[in-house]
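Asker: Sharing a structure, written as structure tokens. Questions coming.
Spelled out as structure tokens, the structure:
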């Protein structure tokens, strides 16, 4: 059997595994607020998130095309199969490590950093598509800042609109509405995060001359959507506790404001074909809402630990992928 074919199969399996892990790793981000306010029981929230993640993943492919062509050029990528395989191994390892310790790291940073690191190890810095890569980096950097500001503004508006309402009654009404916002958050998560694995598989198919276009094959889209949906059904309770309770004490009105903000930012990025870290966006939305609610109520120690992890994810995953590539290249 041809070695390139075997490596391509391994990449497909690895990408689906990445999406599956992404599902249970990032499920918490989309449903953490609704679980922490008891708007949904954990099991019901996870089922809802699984269905909506699948639906979201089947809706768009623009982000997948960006992953396919904007980090490196798959048509000229040197040792493309090994580069992509190394990137997947490094990203999966980092995701599992951070999930094990309950740290809400970013799958997006991990896979984008890993692709860049493996490509640099294979062909030097000239392997990067600088214009596209910088565009992606800008999206990763600025989307959490925008989410923080938007969360602050949205909750400030809520405080003005509902300032004369009975707080208990308001929270009871918002708890019901939070079921809708949790579904919306999960849907937008699927529209952006599931597409990263689609882009990786398509990149491998192009690099190995199985397809000649950046269009995403239907079987790739469906299998990635299914993998993320199944991964979501496994859930990630450790990270739910961090995102949902250790950043701030969340009430239904806070949860709705954070969910709406996160969904709005993620969907906006998906619409313009930019990959973002859903983890960063959702957590930053909660931080923005918490700051508007009561600055001292935000547990900044947890936020600081999360920020450090976010910052180091991209360079660490890039370094890991570079090392893995060199090992694979020596073997094959």
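Residue numbers (the working numbering): 64 to 395.
Glycine included, each C-beta is placed from N, C-alpha and C at the ideal position.
Nothing here was measured: the structure is a model prediction, and the numbers come from that model.
Specify the secondary structure class of residue 135 as computed by DSSP and reduced to three states.
Answerer: Strand.
Asker: Sort out for me which residues DSSP pairs residue 191 with in a bridge.
Answerer: For residue 191, which the question treats as bridged, DSSP gives the partners 135.
Asker: Between the alpha carbons of residue 155 and residue 169, how many angstroms are there, rounded?
Answerer: Roughly 11 Å between the two C-alpha positions.
Asker: Since I believe residue 79 is in contact with residue 260 (beta carbons under 8 Å), could you give me their beta-carbon distance rounded to a whole number of angstroms?
Answerer: Rounded, the Cβ-Cβ distance is 7 Å, consistent with contact.
Asker: Just tell me which of 99, 391, 339 has its CA closest to the CA of residue 373.
Answerer: Per the Cα distances, 339.
Asker: Using only the alpha-carbon positions, how far apart do residue 148 and residue 235 sit?
Answerer: When rounded, the distance between both Cα atoms is 49 Å.
Asker: Look at the Cβ atom of residue 333, then the Cβ atom of residue 277, and state whether they are nearer than 7 Å.
Answerer: Not a contact, by the Cβ cut-off of 7 Å.
Asker: Cβ atoms of residue 202 and residue 384: under 7 Å apart, would you say?
Answerer: No, they are not a contact pair.
Asker: Three Cβ pairs or more, each shorter than 8 Å: is that satisfied between the stretch 134 to 142 and the stretch 343 to 358?
Answerer: The stretch 134 to 142 vs the stretch 343 to 358: no contact.
Asker: Quick check: residue 96 and residue 322, are their CB atoms within less than 7 Å of each other?
Answerer: Cβ distance < 7 Å, so residue 96 and residue 322 count as in contact.
Asker: For residue 189, count neighbouring Cβ atoms within 10 angstroms of its own Cβ and tell me buried if that reaches 16, exposed if not.
Answerer: Under this definition residue 189 is an exposed residue.
Asker: Is residue 337 helix, strand or coil when you go by DSSP?
Answerer: If DSSP states are grouped into helix, strand and coil, residue 337 belongs with coil.
Asker: Could you tell me which of 129, 107, 336 sits nearest to residue 265, measuring between CA atoms?
Answerer: The residue with the shortest Cα to Cα distance from residue 265 is 129.
Asker: Taking three-plus beta-carbon pairs below 8 Å as touching, is the stretch 266 to 285 in contact with the stretch 351 to 370?
Answerer: Verdict: no, contact absent.
Asker: Is any heavy atom in the ligand NAD found nearer than 6 Å to the beta carbon of residue 369?
Answerer: Questions concerning the ligand NAD fall outside what the structure shown contains, since it holds no ligand whatsoever.
Asker: Tell me the rounded alpha-carbon separation between residue 225 and residue 263.
Answerer: Rounded to whole angstroms, residue 225 to residue 263 spans 46 Å at the Cα level.
Asker: Which residue marks the beginning of the alpha helix (DSSP H) containing residue 281, and which one marks its end?
Answerer: Taken as a continuous stretch (DSSP letters only), the alpha helix (DSSP H) holding residue 281 covers 281 to 297.
Asker: What residues in its chain sit with their C-beta under 6 Å from that of residue 313, if we drop five residues either side in the sequence?
Answerer: Excluding positions up to five away in sequence, the list reads 96, 99, 100.
Asker: Touch check for the stretch 385 to 393 and the stretch 360 to 371: three-plus C-beta pairs under 8 Å?
Answerer: Too few Cβ pairs lie closer than 8 Å, so no.
Asker: If you follow the alpha helix (DSSP H) that residue 171 is in, where does it begin and where does it stop?
Answerer: Its alpha helix (DSSP H) spans residues 170 to 186.
Asker: Can you grab the Cα-Cα spacing for the pair residue 335 / residue 248, in whole Å?
Answerer: When rounded, the distance between both Cα atoms is 18 Å.
Asker: Taking residue 357 as part of the alpha helix (DSSP H), name the residues at either end of that continuous run.
Answerer: Unbroken run through residue 357: none, as it is neither H nor E.
Asker: Return the chain-ordered list of same chain residues with a C-beta closer than 6 Å to the C-beta of residue 352, the five sequence neighbours on each side being excluded.
Answerer: Answer for residue 352: 214, 218, 317, 320, 321, listed in chain order.
Asker: Which stretch, first to last residue, makes up the alpha helix (DSSP H) that contains residue 151?
Answerer: From DSSP, the alpha helix (DSSP H) with residue 151 extends over 143 to 163.
Asker: State the DSSP-derived secondary structure class of residue 396, mapped to helix, strand or coil.
Answerer: Given a span of 64 to 395 for the chain in the structure shown, any question on residue 396 remains unanswerable.
Asker: What's the gap between the Cα of residue 431 and the Cα of residue 231?
Answerer: No statement about residue 431 is possible, as the shown extent of the chain runs from 64 to 395 and does not include it.
Asker: Just reading off the alpha helix (DSSP H) that residue 115 is part of, what are its end residues?
Answerer: 105 to 120 is the span of the alpha helix (DSSP H), which, as asked, contains residue 115.
Asker: Grab me the residues of residue 307's own chain with a C-beta within less than 7 Å of its C-beta, minus the 5 sequence neighbours each way, in chain order.
Answerer: A caution first: residue 307 carries a pLDDT of 47, below 50, which makes its placement in the model unreliable, though a value can still be read off. Excluding residues within five positions, the ones whose Cβ falls inside 7 Å are 95, 96, 98, 99, 313.
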